[in-house]
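A.B. asks: Here the sequence shown stands for residues 0 to 309, numbered as in numbering that gives the first Met the number 0. Just passing along the structure, written as structure tokens.
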Amino acid sequence: MLRSTFLWLSERRGVLDFVKRNGLARRVATRFVAGETLESAIEAGRVLNARNITVSLDLLGESVSSPEETRLARDAIIRTVDGVATAKLDGNVSVKLTQLGLDIDTALCAENMRAILDRARESRTFIRMDMEGSKHTEATLRLFYDVLHPEYDGLTGVVIQSYMRRSAKDIDDLVGAKARVRLCKGAYAEPPDVAFQERADVRASFSRLMRKLLEHGDYPGIATHDEVLIGETVAFAKERGVGADRFEFQMLYGVRRDLQESLRWQGYNMRVYVPFGTHWYPYLMRRLAERPANVGFMVGSIAKEAFGRR
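What follows is the structure in structure tokens.
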């Protein structure tokens with residue numbers, strides 16, 4: 000119930016306008032979003048790097064409606080790539096193809112991605128293409144296979160969501176193509192014929208796909224805060240002799256920081272996804288939908304703020 004409510008709220012513009020005007024809500028969001036500027040994201044990256052945690056910077060924002068908007072997003076992402084290189088961050092950059100015109104024209108999107116990857120190639124900055132809702136899955140993968148992977152081999156990779164019913168075949172295909180894959184559960188509302196609805200089914204799918212990636216993948220990113228799945232990943236890697244240098248765990252900024260530190264101290268590679276930008280509201284709602292326990296943090300923050308004013 001909570002999950003569907005937060006996903007619904009993530010798409011309500013009226014709620015968005017109210018929340019973005021609310022100073023307290025903005026302060027709560029800073030737990031999960033590094034800030035609204037590239038400079039704030041780079042500073043967050045420096046702090047994480049100092050703890051031997053790598054990062055992936057993500058400029059928040061999704062579907063745009065005009066070619067000009069895609070070019071603005073492209074230029075902002077190129078500035079992010081440059082910022083990572085200039086600051087000498089141990090990190091990469093994540094992008095959403097709908098920001099770059101996937102809903103407008105595939106050729107336009109490919110042109111924008113080439114511009115980003117051409118700049119990224121200069122500093123060898125890896126670019127991760129995030130996966131969005133199911134209506135974009137096929138187009139994202141086609142662009143990857145037909146254009147980006149052949150032209151920029153080793154410089155870009157994709158994300159696969161374990162709750163999608165198609166993901167087992169997608170993983171097989173990506174492993175065969177020697178593609179870099181980030182595996183996560185998925186956070187968009189999808190119908191039952193497209194995605195698993197029960198938590199146990201999503202977890203079981205993640206476990207199966209994780210095993211395939213650890214054995215046959217090219218430095219996969221295992222992106223989860225689920226302690227059961229983390230335990231399974233560690234156990235399977237040890238059982239099959241998969242060294243800690245052959246994969247990495249990935250987590251979200253501000254979520255399960257205790258686990259981030261614990262896994263790093265155990266010798267595992269850890270990367271934190273660092274979102275930034277003014278479009279933080281839909282992202283925040285999806286994070287709460289993924290992990291309703293985060294609501295407790297928000298409520299606690301609001302209570303402290305209220306008592307602090309007395």
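Ideal Cβ positions, reconstructed from N, Cα and C, are used throughout, including at glycine.
#1: Spatial neighbours of residue 7 within its chain, please: C-beta separation below 6 Å, excluding the five flanking residues on both sides.
#2: Nearest-angstrom Cα distance between residue 229 and residue 223?
#3: To the nearest angstrom, how far is the alpha carbon of residue 133 from that of residue 163?
#4: Spatial neighbours of residue 146 within its chain, please: CB distance less than 7 Å, with the 5 preceding and 5 following residues excluded, ordered by chain position.
#5: Does the beta-carbon of residue 191 have 16 or more other beta-carbons within 10 angstroms, so that it is buried, or is it exposed?
#6: For residue 137, which residues in the same chain have their Cβ closer than 7 Å to its Cβ, ignoring the five residues on either side in sequence?
#7: Quick check: what's the CA-CA separation for residue 144 versus residue 169?
#8: Assign residue 177 to buried or exposed, taking buried as 16 or more other Cβ atoms, counted over all protein chains shown, within 10 Å of its Cβ.
#9: Given residue 272, which residues of its chain have a CB within under 8 Å of its CB, disregarding the five upstream and five downstream residues?
#10: Report yes if the C-beta distance between residue 59 and residue 279 is below 7 Å; otherwise report no.
#11: Identify, in the order they occur along the chain, each residue of the same chain with its Cβ nearer than 8 Å to the Cβ of residue 243, setting aside the five sequence neighbours on each side.
#12: DSSP state of residue 358, grouped into three classes?
#13: Ignore the nearest five residues each way along the sequence and tell me which others in residue 114's own chain have a CB closer than 8 Å to its CB.
#14: Classify residue 105 as helix, strand or coil using the three-state DSSP reduction.
#15: Quick one: what does DSSP say residue 130 is sitting in, helix, strand or coil?
#16: Indicate the three-state DSSP secondary structure (helix, strand or coil) for residue 141 in the structure shown.
#17: Taking buried to mean at least 16 other C-beta atoms within 10 Å of its own C-beta, is residue 226 buried or exposed?
#18: Which two residues bound the contiguous alpha helix (DSSP H) that contains residue 200?
#19: Run through DSSP, which three-state label would residue 119 get?
#20: Exposed or buried, residue 257, counting other C-beta atoms within 10 Å across all chains shown (16 or more means buried)?
#21: Take residue 218 and list the residues in its own chain whose beta-carbon comes closer than 8 Å to its own, dropping the five residues that flank it on each side.
#22: Under 6 Å from any heavy atom of the ligand ADP, does the C-beta of residue 213 make it?
#23: Could you check how far apart the C-beta atoms of residue 282 and residue 32 are, in whole angstroms? I think they sit under 8 Å.
#24: Based on the DSSP output, what are the partners of residue 93 in its beta bridges?
#25: Compare the C-beta of residue 155 with all C-beta atoms of chain C and state if any pair is closer than 7 Å.
#26: Per DSSP, which residues does residue 155 bridge with? Please list them.
#27: For residue 64, I'd like the list of residues in its chain whose CB is within less than 7 Å of its CB, leaving aside the five on either flank, ordered along the chain.
#28: Going straight from the alpha carbon of residue 121 to that of residue 85, what length do you get?
C.D. replies: To lay it out plainly:
#1: Indexing the sequence shown from 1 puts residue 7 at position 8. The predicted position of residue 7 is uncertain, since its pLDDT is 44 and thus under 50; a value taken from the coordinates is nonetheless stated next. Within the same chain, residue 7 has no close Cβ partners at all.
#2: Here the question's residue 229 lines up with position 230 in the sequence shown. Here the question's residue 223 lines up with position 224 in the sequence shown. Cα to Cα, residue 229 sits roughly 7 Å from residue 223.
#3: As a working note, residue 133 is residue 134 in the sequence shown. As a working note, residue 163 is residue 164 in the sequence shown. Across the structure, residue 133 and residue 163 are spaced so that their CA atoms are roughly 8 Å apart.
#4: Looking up residue 146 in the sequence shown gives position 147. Here the set comprises 109.
#5: Position 192 of the sequence shown, counted from the first residue, corresponds to residue 191. Flag for residue 191 reads exposed.
#6: Numbered from its first residue, the sequence shown carries residue 137 at position 138. A distance below 7 Å between beta-carbons, with the five flanking residues on each side excluded, links residue 137 to no residue of its chain.
#7: Reading the sequence shown from its first residue, position 145 is the one you call residue 144. Reading the sequence shown from its first residue, position 170 is the one you call residue 169. Across the structure, residue 144 and residue 169 are spaced so that their CA atoms are roughly 11 Å apart.
#8: Position 178 of the sequence shown, counted from the start, is the residue given in the question as residue 177. It counts as exposed.
#9: Here residue 272 is taken as the residue at index 273 of the sequence shown, counted from 1. Within the same chain, residue 272 has close Cβ partners 54, 55, 57, 93, 222, 249, 250, 251, 252.
#10: Numbered from its first residue, the sequence shown carries residue 59 at position 60. Numbered from its first residue, the sequence shown carries residue 279 at position 280. Yes, the Cβ-Cβ distance between residue 59 and residue 279 is below 7 Å.
#11: Taking the sequence shown and counting its residues from 1, the one referred to as residue 243 is at position 244. The beta carbon of residue 243 sits closer than 8 Å to those of 236, 266, 267, 268, all from its chain and outside the five residues before and after it, given in chain order.
#12: Given a span of 0 to 309 for the chain in the structure shown, any question on residue 358 remains unanswerable.
#13: Against the sequence shown, residue 114 aligns to sequence position 115. 73, 77, listed in sequence order.
#14: Sequence index remark: in the sequence shown, residue 105 carries index 106 (1-based). Here residue 105 sits in helix by DSSP.
#15: Indexing the sequence shown from 1 puts residue 130 at position 131. Three-state result, residue 130: coil.
#16: Against the sequence shown, residue 141 aligns to sequence position 142. Under the three-state reduction of DSSP output, residue 141 falls in the helix class.
#17: By 1-based counting over the sequence shown, the position of residue 226 is 227. Exposed is the call here.
#18: As a first step, residue 200 is located in the sequence shown; it is residue number 201 there, counting from the start. Taken as a continuous stretch (DSSP letters only), the alpha helix (DSSP H) holding residue 200 covers 198-215.
#19: Numbered from its first residue, the sequence shown carries residue 119 at position 120. Helix.
#20: Translated into the one-based positions of the sequence shown, residue 257 becomes position 258. Residue 257 comes out exposed.
#21: Against the sequence shown, residue 218 aligns to sequence position 219. The residues 179, 245, 246, 247, in chain order, have a CB closer than 8 Å to that of residue 218 in the same chain once the five nearest residues on each side in sequence are set aside.
#22: Absence of the ligand ADP is noted for the structure shown, with no ligands found whatsoever.
#23: By 1-based counting over the sequence shown, the position of residue 282 is 283. By 1-based counting over the sequence shown, the position of residue 32 is 33. The Cβ separation is near 7 Å, so the contact holds.
#24: Taking the first residue of the sequence shown as position 1, residue 93 is located at position 94. Residue pairing by DSSP places residue 93 opposite 57, 127 in a beta bridge.
#25: Protein chains in the displayed structure number just one, and chain C is not present.
#26: For the purposes of this step, residue 155 is identified with residue 156 of the sequence shown, where counting begins at 1. Beta-bridge pairing links residue 155 to 126.
#27: Here residue 64 refers to the residue found at position 65 when the sequence shown is read from its first residue. The beta carbon of residue 64 lies closer than 7 Å to none in the same chain, with the five residues before and after it left out.
#28: As a first step, residue 121 is located in the sequence shown; it is residue number 122 there, counting from the start. As a first step, residue 85 is located in the sequence shown; it is residue number 86 there, counting from the start. Those two C-alpha atoms are separated by around 12 Å.
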